[in-house]
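Inspection log for the structure reproduced underneath, given as structure tokens.
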Ligand SMILES: [Zn+2]
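In the working numbering, the protein residues as written are 2 to 330.
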């Protein structure tokens, strides 16, 4: 969640439990007849728990002041995750033709069957631990998630009340994002580690949702030129989040990151030209070109002014300019 090496970061890369996925319809061969809008998934209703490990810690009071209604905060974050990662927009809303640069590849149809992970409970644990936060599955059952928040960090953000909501949103994405298809050789449908994406993509998706939720912290900075980008597309956190935002808002269309998340469940991640990718690669299979090419296009877009980036975000039904948010404090 940070650009500076010294800043603490939410660090979760959750194992991803999942039931056997439904048949894959996430590919470029899907015909127009299959582009009907998918019904929105129901909002999950996991059991929510709060565990405070140190009532005397000053971070406990800070938490109560910053997040007075934790149920509402979690439900709002969950609703945002479902809207951004598990909602297929109607075809007429998918393409932003006015903003799209000329592209040699055909438009990508956004189609998938929204399938959130079967997360059954989320426990928020406040304890005095280094760093910011992390998320894990419980030892016995990976469908039960634990988000640990650092009391010291909470206390340090007392003057920035949106920060903890942003961190919680980031961590909750880890409870509800896909990383790999379930492995047939492990118990309880645990994800196939051989098909997991780079950690930077997982963290980038979490921060992409945070960005779209209108919860980008003040120190994030969207690059305005190619030279301001991170060195690599999978640098993670805000760096990958802004790249994904360009992919969704400019290059491909609304729902692109949701489709990407869905492909992690159906197919898993494989490097271009790598073993088992069938020569297509994860990104080519989704968007017609490889990720390095997309990264170059992103840089070209930034150098061209980048004024079409549609990062208007906010609460549901409320859209604000992202640049206002990132410069707000
Ligand atoms: Zn994370």
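Backbone N, C-alpha and C define an ideal beta-carbon position, used for all residues, glycine too.
Taking residue i and residue j to be in contact with their CB atoms under 8 Å, please state how far apart those CB atoms are, rounded to whole angstroms.
i           : j           : result
residue 332 : residue 288 : With the chain represented from 2 up to 330, any question about residue 332 goes unanswered, as that position is not in the structure.
residue 156 : residue 63  : 5 Å
residue 44  : residue 79  : 6 Å
residue 238 : residue 224 : Not really, about 13 Å apart at Cβ, beyond 8 Å.
residue 177 : residue 117 : 6 Å
residue 163 : residue 212 : The pair is not a contact, with the Cβ atoms about 13 Å apart (cut-off 8 Å).
residue 113 : residue 250 : Contact flag wrong, Cβ pair sits at about 18 Å.
residue 69  : residue 88  : 29 Å between Cβ atoms; not a contact.
residue 174 : residue 207 : 4 Å
If you compare alpha carbons, which of the options is closest to residue i?
i           : options            : result
residue 256 : 209, 223, 224, 169 : 209
residue 306 : 238, 226, 160      : 226
residue 215 : 168, 182, 193      : 168
residue 71  : 125, 223, 245, 117 : 125
residue 55  : 166, 149, 42       : 149
residue 303 : 294, 271, 268, 230 : 230
residue 135 : 172, 196, 118      : 172
residue 179 : 246, 253, 260, 133 : 260
residue 284 : 207, 199, 218, 222 : 199
residue 1   : 270, 74, 233, 42   : Missing from the structure shown is residue 1; the chain here goes from 2 to 330 and no further.
residue 53  : 301, 128, 119, 240 : 128
residue 194 : 203, 202, 201, 183 : 183
residue 301 : 286, 235, 282, 228 : 228
residue 49  : 57, 59, 76, 58     : 76
residue 170 : 123, 141, 185      : 123
residue 111 : 90, 67, 143        : 90
residue 204 : 235, 185, 220      : 235
residue 58  : 119, 130, 92       : 130
residue 181 : 221, 142, 267, 219 : 267
residue 67  : 296, 158, 290      : 158
For residue i versus residue j, is the C-beta spacing smaller than 8 Å?
i           : j           : result
residue 248 : residue 258 : yes
residue 121 : residue 47  : yes
residue 299 : residue 197 : no
residue 61  : residue 166 : no
residue 132 : residue 151 : yes
residue 201 : residue 137 : no
residue 42  : residue 83  : yes
Less than 7 Å between the CB of residue i and some heavy atom of ligand 3, yes or no?
i          : result
residue 76 : The ligand content of the structure shown is limited to ligand 1, which means ligand 3 is not among them.
For the region 126-165, which segments carrying the alpha helix (DSSP H) assignment without a break, of at least 4 residues, lie completely within its bounds, in sequence order? With a minimum length of 4 residues, the continuous alpha helix (DSSP H) runs that stay inside the region 126-165 are 152-157.
Segments assigned alpha helix (DSSP H), at least 4 residues, entirely inside the region 166-234: Given a length threshold of 4 residues, each whole run of the alpha helix (DSSP H) inside the region 166-234 is given here in chain order: 200-213.
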